[in-house]
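Residue numbering for the sequence shown follows our numbering, starting at 11 and increasing by one per position. What follows is a single structure, written as structure tokens, with notes after it.
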Amino acid sequence: MIYSIKGEIQEILEDSAIVENSGISYKIYMCSNSLLTLKKGSEVSLFISASFSMYEGQLLYGFLSREEKEIFELFKNNIPNTGSKKSLEYLNKVIKSPMDFKKAIYNKDVKALTSIFGFTNKTAQKIADLLKSKIEEIKPYEISDYNKNSQEYENALNALISLGYKSNSIKEVLKDIFSTQEKMELQEIIKLALKKLR
């Protein structure tokens with residue numbers, strides 16, 4: 011099983027990127043918002059989810075963060091009749107603000123799912139009903155500080171995960187930082203978190 015791929019971007023297509031690793035080129039499907047952040051010739055590291063098609067064989071789906079992959083698999087594994095391509099479409103709607111999405115699911119806020127993320131009312135209701143129990147409980151500090159700190163929280167979380175720290179440990183440290191500190195720049199948050207994690 012392929013967990014992740016790190017390599018040079020050879021080509022960016024409408025629905026996928028061609029990434030070369032050790033002389034082998036992989037076609038990796040990604041949501042359009044993620045593809046927009048890529049640059050041909052640059053290096054990228056992608057978390058991978060694989061599926062098998064009777065006609066196309068193994069298909070690879072790539073994600074810029076572990077959280078993106080987790081949300082993709084939430085859709086794919088928990089919503090009936092939702093395959094990989096449809097899950098990518100859903101992910102593309104929520105990728106700009108995963109915390110907003112989790113908050114909406116946690117509160118079963120169908121209005122937010124339709125107005126912010128563009129789901130139809132029927133789909134939003136289905137997603138809220140099926141995923142609420144699957145979403146990790148959002149702690150009060152994440153909700154109360156949400157509007158002020160959500161982007162900084164997400165960026166800090168993903169940056170620290172990429173450095174090899176465990177998600178649960180990072181969240182505990184960020185909880186402490188966000189509950190006791192004024193609004194800070196991302197670099198300050200990461201610097202303080204690293205001191206606490208070491």
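All C-beta atoms in this analysis are idealised placements derived from N, C-alpha and C, irrespective of residue type, glycine included. Computed from a predicted structure; not experimentally measured.
Y175: not part of any beta strand (DSSP E); DSSP gives it neither H nor E. By the C-beta criterion, the stretch 126 to 144 is judged not to be in contact with the stretch 168 to 175, since fewer than 3 inter-stretch pairs fall below 8 Å. Boundaries of the alpha helix (DSSP H) around L204: L196 to L207. Considered as a whole, the stretch 66 to 91 harbours 76 to 88 as its complete alpha helix (DSSP H) runs of no fewer than 4 residues, in chain order. By the C-beta density criterion, K79 is buried, having at least 16 other C-beta atoms within 10 angstroms. Shown here, I115 sits in a helix according to DSSP, grouped into three states.
In terms of CA proximity to F73, F82 leads the group F82, E66 and G93. In terms of Cβ geometry, K103 and F85 do not form a close pair [threshold 8 Å]. Excluding five sequence positions before and after S75, the CB atoms of its chain that fall closer than 6 Å to its own CB belong to N168, given in chain order.
Sequence-distant partners of S55 (beyond 5 residues in either direction) whose C-beta falls short of 6 Å from its own C-beta, in its chain, are K16. Relative to the Cα of I22, the nearest Cα in the group I12, N31 and L48 belongs to L48.
Residue nearest to A27 within the set S44, E182, I115 and L204 is S44 (criterion: CA-CA distance). Residue pairing of A27 in beta bridges, as defined by DSSP: I22 and I38.
I105: not part of any beta strand (DSSP E); DSSP gives it neither H nor E. In terms of CA proximity to E18, S35 leads the group S35, I12 and I126. 8 Å or more divides the Cβ of L46 from the Cβ of I58.
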